[in-house]
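There are 2 protein chains.
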Amino acid sequence: MSVGGFVIDPKLAAESTPLGELTLCTVRLYDDARFPWLLLVPKQAELVEIIDLAPSDLVRLIEEIAVAAGVLEAATSPYKLNIAALGNVVRQLHVHVIARFEDDAAWPNPVWGRGARVPYEAAARDALAKKLRTGFGFA
Amino acid sequence: MSVGGFVIDPKLAAESTPLGELTLCTVRLYDDARFPWLLLVPKQAELVEIIDLAPSDLVRLIEEIAVAAGVLEAATSPYKLNIAALGNVVRQLHVHVIARFEDDAAWPNPVWGRGARVPYEAAARDALAKKLRTGFGFA
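Next up, the structure:
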């Protein structure tokens, strides 16, 4: 995927499924069945920190994070949402929006670096992806 | 501290030092000498998720996060910033803005749940707090 020089990081791409496009971000379902988990990746080249975004895009980012949080919450009814821009492993700017439950595999710790990713079975992934796409209003 | 019913969570208060006040958030230095670490706490009662904020306050939040990120970056020259709203332990809405280094105590993992907090020595805490207050333009 390339928009104005933007190419999604290959590790992010390999570990997630595309859901659709918002104005600023491309939205993907991270492929870890332990946690319902969205990735928002701003479609601009060479972004690392959120403060690399222009002010108007920073506002767009938080608006799109809020949309994603609302969609994920409606789809999965979590106990808590976790929202983060870390980038310690993959440096390309991306935002995690994760549904957390008191009985999930990492609770109450953050999800990163806690055991191995558990890829979805295809049917479960497709069902969740469909539900999320509907929530976003993606075609 | 109470503003319109807002009282900061006692655990957050006990583990951090007040730096000053932005329009939406009170800003604190988290007391862990392993990581330069700001907390932004919106001064409104009963917030849990960022999507509990009114849209105009959500924009204010990302603007204040960007200010905090810029101040922390200028003060500490990190390799990476970590920005997150988790709330798995303390449910009151708060945003972490953390300076990360490739040789820090948790790298490349997130900082939460990785060993015990190491409180600053008073002189080091006061020096960093002073530098940060100057960066924010707090009196």
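First to last, the sequence lines map onto chains U and V. In this text, residue positions in the first sequence follow this note's numbering: the first is 162, and each later residue adds one. In this text, residue positions in the second sequence follow this note's numbering: the first is 162, and each later residue adds one. For glycine and all other residues, C-beta sits at the position ideal for the given N, C-alpha and C. Remember, it's a predicted structure, so these values are computed and weren't measured experimentally.
Candidates the options: closest to residue i by CA position
i: residue 250 of chain U; options: V:185, V:242 and V:206; result: V:242
i: residue 181 of chain U; options: U:203, U:165 and U:193; result: U:203
i: residue 165 of chain U; options: U:205, U:177 and U:192; result: U:205
i: residue 167 of chain U; options: U:254, U:278 and U:216; result: U:254
i: residue 277 of chain V; options: V:244, V:195, V:239 and V:178; result: V:195
i: residue 261 of chain V; options: V:284, V:240, V:299 and V:216; result: V:240
i: residue 298 of chain U; options: U:228, U:238, U:287 and U:245; result: U:228
i: residue 210 of chain V; options: U:230, U:207, U:208 and U:222; result: U:230
i: residue 282 of chain V; options: V:184, V:292, V:193 and V:252; result: V:193
i: residue 176 of chain U; options: U:280, U:238, U:289 and U:266; result: U:280
i: residue 263 of chain U; options: U:238, U:293, U:287 and U:286; result: U:238
i: residue 217 of chain U; options: V:224, V:216 and V:234; result: V:224
i: residue 296 of chain V; options: V:252, V:234, V:170 and V:256; result: V:234
Distance CB(residue i)-CB(residue j) smaller than 8 Å
i: residue 258 of chain V; j: residue 201 of chain V; result: yes
i: residue 232 of chain V; j: residue 220 of chain U; result: no
i: residue 173 of chain V; j: residue 188 of chain V; result: no
i: residue 273 of chain V; j: residue 247 of chain V; result: yes
i: residue 197 of chain U; j: residue 271 of chain V; result: no
i: residue 208 of chain U; j: residue 185 of chain U; result: no
i: residue 244 of chain V; j: residue 245 of chain U; result: yes
i: residue 288 of chain V; j: residue 275 of chain V; result: no
i: residue 300 of chain U; j: residue 190 of chain U; result: no
i: residue 236 of chain U; j: residue 293 of chain U; result: yes
i: residue 178 of chain U; j: residue 286 of chain U; result: yes
i: residue 226 of chain V; j: residue 256 of chain V; result: yes
Neighbouring residues, chain U, relative to residue i (Cβ below 7 Å)
i: residue 250 of chain V; result: 269
i: residue 175 of chain V; result: Here the premise fails: no neighbours, minimum Cβ distance about 18 Å.
i: residue 220 of chain V; result: 220 and 223
i: residue 276 of chain V; result: In chain order: nothing, as chain U lies at least about 12 Å away.
For residue i: DSSP bridge partner residues
i: residue 182 of chain U; result: U:187
Chain V contact residues for residue i, given Cβ-Cβ distances below 9 Å
i: residue 260 of chain U; result: Those do not exist, as residue 260 of chain U stays about 11 Å from chain V at its closest Cβ, beyond 9 Å.
i: residue 246 of chain U; result: 242, 243, 244 and 245
Residue i: contacting residues in chain V (beta-carbon distance under 8 Å)
i: residue 206 of chain U; result: In chain order: nothing, as chain V lies at least about 18 Å away.
i: residue 230 of chain U; result: 210, 211 and 212
Closer than 7 Å at the beta carbon, the chain V residues around residue i
i: residue 169 of chain U; result: In chain order: nothing, as chain V lies at least about 19 Å away.
i: residue 202 of chain U; result: The contacting residues do not exist; residue 202 of chain U stays about 15 Å from chain V at best.
i: residue 227 of chain U; result: 211, 212 and 219
Listed by chain order, chain U residues near residue i by CB distance under 9 Å
i: residue 198 of chain V; result: Under the 9 Å cutoff, chain U gives no residues; its nearest Cβ is about 14 Å from residue 198 of chain V.
Exercise for the section: Scan the region 189-267 of chain V and note each continuous beta strand (DSSP E) run of 3 residues or more that stays entirely inside, going in chain order. Expected result: 198-203, 241-246 and 256-261
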